Amino acid sequence: MDATCLIFPSSAETFKVTALTRECNQVCIYVQSNQHNCLCPGCSNPSKRVHSYYTRKFRDVPAFGNPCTLLLKARKFYCLQDECPVKIFTERFCNHFLPYRRSTTRLHHVCLNLALQTGGKLAERIAKLMNIQISDTSLLRIVNNEHLPEAETPYALGIDDWAYKKRGRYGSILVNLENRRIIDILNDREACSIERWLKVHPGIGIITRDRYGNYIKGATSGAPQALQVTDRWHLLKNLGEAANKIITREYARMNKITKTEEILYTEPLNTSDPDTSPVSDGIRKQRFDYLKKLQNDGLSIKRMAKLLGMHRQTVKKYMAMQILPRKIYNDQGMVEQYFPYIRQRMQENKDLYLKTLWTELKERGYNGAYSTLSDALIYYGIRLGKKVSRQQLPNSGRMSFKPSKVAMIFLTAEEKLTDRQRELLQKVCEKSTELTITLSLIRAYRQIMTNKNGSKLKDWIDKAKSSGIKEMFRFAEGLLTDYAATESALSLPWSNGPVEGNVNKLKTIKRQMYGRASFELLRKRLVLAPA
Ligand SMILES: [Zn+2]
21 MDATCLIFPS SAETFKVTAL TRECNQVCIY VQSNQHNCLC PGCSNPSKRV
71 HSYYTRKFRD VPAFGNPCTL LLKARKFYCL QDECPVKIFT ERFCNHFLPY
121 RRSTTRLHHV CLNLALQTGG KLAERIAKLM NIQISDTSLL RIVNNEHLPE
171 AETPYALGID DWAYKKRGRY GSILVNLENR RIIDILNDRE ACSIERWLKV
221 HPGIGIITRD RYGNYIKGAT SGAPQALQVT DRWHLLKNLG EAANKIITRE
271 YARMNKITKT EEILYTEPLN TSDPDTSPVS DGIRKQRFDY LKKLQNDGLS
321 IKRMAKLLGM HRQTVKKYMA MQILPRKIYN DQGMVEQYFP YIRQRMQENK
371 DLYLKTLWTE LKERGYNGAY STLSDALIYY GIRLGKKVSR QQLPNSGRMS
421 FKPSKVAMIF LTAEEKLTDR QRELLQKVCE KSTELTITLS LIRAYRQIMT
471 NKNGSKLKDW IDKAKSSGIK EMFRFAEGLL TDYAATESAL SLPWSNGPVE
521 GNVNKLKTIK RQMYGRASFE LLRKRLVLAP A
């Protein structure tokens, strides 16, 4: 096979390979140009008059694991036009060799894509494995020199924000919802930036966004013709938060009525269990009491979080609670089925160690963690080994639920509920009319969502507002402020899902760069990288 066809398959008539050698572990390819004439870069007229010959040296993609150097014998031409300011010019080529470049176009593409996909340092290491000698800074320079293409105007656009630093500085991401690719990212999430971008790209039909005020404002003024669609996931999330508040409040109220130490959601479903006294919660309880004291003193959430070393969300959660709920262990029900065996072993051996018991249970098919077993036994007031605090296991397991878990069950589709969850819903609703109304409202809302029946939203809002439940009233009021977009969200198939996925991708790339990425580099890596 002819070497020219092998090395330049698409332009065998422009170049001719004159020699192939191997010098000092390098493959050297000698090439000469076969072009008949060349266009002057000053006046674009062709010239055939050769001034001189010179050799250009390029790095090419490695050949069979060896670094590869390409030596091109090129020419200089006279420009034949008297009025042209250029007198002598170097030979230009349409592909493979660009002016001033010292690597071939194909090597340049490999390096560019490596840097776009993996960033500077990692790309340098991969390039080294492939026998391409290039530094991380050179790779980043290649990315920086690459121009961003003019952003296309999509029919359906999704907007969301992403954090440079959470609770600090934010940017925006714009995604084409039809091909799910990132079109552009913006440096902030101000209404004016969105508006400016939309005005430069007129003709967008659909804009999906969350309920952030700046996006509503920016989209309305930047693209008044576009139909706005609220993100469905956020709508469901806000409804869930409202439900959580109602359930927390109702639990506290019902607890006051029953006046028992144990609050409702740790009430045993099997009343034959003789011992229902709560387990003291030690440090957790102390911290809770301290927080309640601070709350009464009127401290801010931030200050309390700092003093207690607690997360702000935990502080918020505790602030809404009247009484500290029992800590529930994970995977309830897993340990309970081994009660007969545990009881038998406890009778046989008073000094039984938990580790021994765990090993034995594992042989009998228990596949939970050691910590789950430990938590479960603590939950039932059992201490194994020397510290025996209670030797009797209850006859059956208790069933406990946190308000947030019950809220999740409220939001779950009816046909997906397990028997245990159904039973719990029934018990909870029996005790509170507010929760019964909440459940029926949530189910009606889900119906609208699954059947894409946006036109029924108005009725639902009226019902929610007249339900007499303040959280539902507030949620419905919120929907009214953004009514048209919410109705579209409940009638149209468009969703912000592809945007959320791309935000995830953005975060991964951002963190890969250890906080050293500039906005421009991040933008190029996201927009230019091939899918
Ligand atoms: Zn010229």
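Each number in my numbering comes from the position in the sequence shown (counting from 1) with 20 added on.
Where a beta carbon is used, it is the ideal one built from N, C-alpha and C, also for glycine.
Fair warning: this is a prediction, and the values are worked out from it, not measured in the lab.
When beta bridges are read from the DSSP output, Cys-88 appears opposite Val-47, Asp-80. The beta-bridge partner set that DSSP reports for Lys-96 consists of Ser-72, Thr-110. Inter-residue distance for Arg-187 and Thr-376 is about 47 angstroms (C-alpha atoms, whole angstroms). Between ligand 1 and the CB of Val-106, the shortest heavy atom gap is smaller than 7 angstroms. As for any alpha helix (DSSP H) of minimum length 4 sitting wholly inside the region 293–343, the runs are 303–316, 321–328, 332–340, ordered along the chain. Membership of Ile-468 in the alpha helix (DSSP H) is indicated by the continuous run 453–471. CA-CA distance, Ser-123 to Gly-242, rounds to 44 angstroms.
Secondary structure at Cys-58: strand, using DSSP grouped into helix, strand and coil. As far as DSSP is concerned, Asn-258 takes part in no beta bridge. By the neighbour-count criterion, in which a residue is buried when 16 or more other Cβ atoms sit within 10 angstroms of its Cβ, Ser-391 is exposed. Out of Arg-126, Pro-61, Gly-260, the CA that lies nearest to the CA of Tyr-465 is found in Gly-260.
Taking 8 angstroms as the cut-off, the Cβ atoms of Asn-524 and Arg-229 do not count as close. In the three-state DSSP reduction, Pro-66 falls in the strand class (E or B). Residue pairing by DSSP places Tyr-190 opposite Ala-183 in a beta bridge. Annotation: the region 114–144 contains the following complete segments of the alpha helix (DSSP H) (minimum length 4 residues), in chain order: 125–138. Within the DSSP bridge table, the entry for Val-195 names Gly-178, Ile-202 as partners. The closest heavy atom of ligand 1 lies less than 7 angstroms from the beta carbon of Cys-99. Between the region 92–102 and the region 65–81, the count of C-beta pairs closer than 8 angstroms reaches three or more; the two stretches touch.
Taking one beta carbon from each stretch, the region 80–94 and the region 44–56 have 3 or more pairs nearer than 8 angstroms; the two touch. Look at Cys-58: its beta carbon is at least 7 angstroms from all of the heavy atoms in ligand 1. Between Leu-149 and Pro-518, the C-beta spacing is not below 8 angstroms. Residue nearest to Val-37 within the set Cys-25, Gln-333, Val-47, Tyr-184 is Cys-25 (criterion: CA-CA distance). The criterion of a C-beta distance shorter than 8 angstroms is not satisfied by Ile-214 and Ala-183.
Within the chosen limit of 7 angstroms, ligand 1 reaches the beta carbon of Asn-65 through at least one heavy atom. The bridge partners DSSP lists for Thr-41 are Cys-48. Ala-505 is positioned such that its CB atom lies closer than 8 angstroms to that of Gln-248. Nearest to Tyr-271 by C-alpha distance, out of Asp-204, Gly-521, Glu-450, Leu-168, is Glu-450. Secondary structure at Val-426: helix, using DSSP grouped into helix, strand and coil. Secondary structure at Arg-365: helix, using DSSP grouped into helix, strand and coil. The count of Cβ pairs closer than 8 angstroms, one atom from the region 536–549 and one from the region 122–140, reaches three, so the stretches are in contact. Here Ala-246 really is in contact with Ile-226; their C-beta atoms are around 6 angstroms apart, less than 8 angstroms. Asp-251 is classed as buried because its beta carbon has at least 16 other beta carbons within 10 Å across all chains shown. Distance from the C-beta of Gly-62 to the nearest heavy atom of ligand 1 is below 7 angstroms.
Counting only the Cα atoms, Arg-323 lies some 13 angstroms from Lys-313.
Cβ contact annotation for Asp-395 (same chain, cutoff 6 angstroms, sequence separation greater than five): Tyr-349, in chain order.
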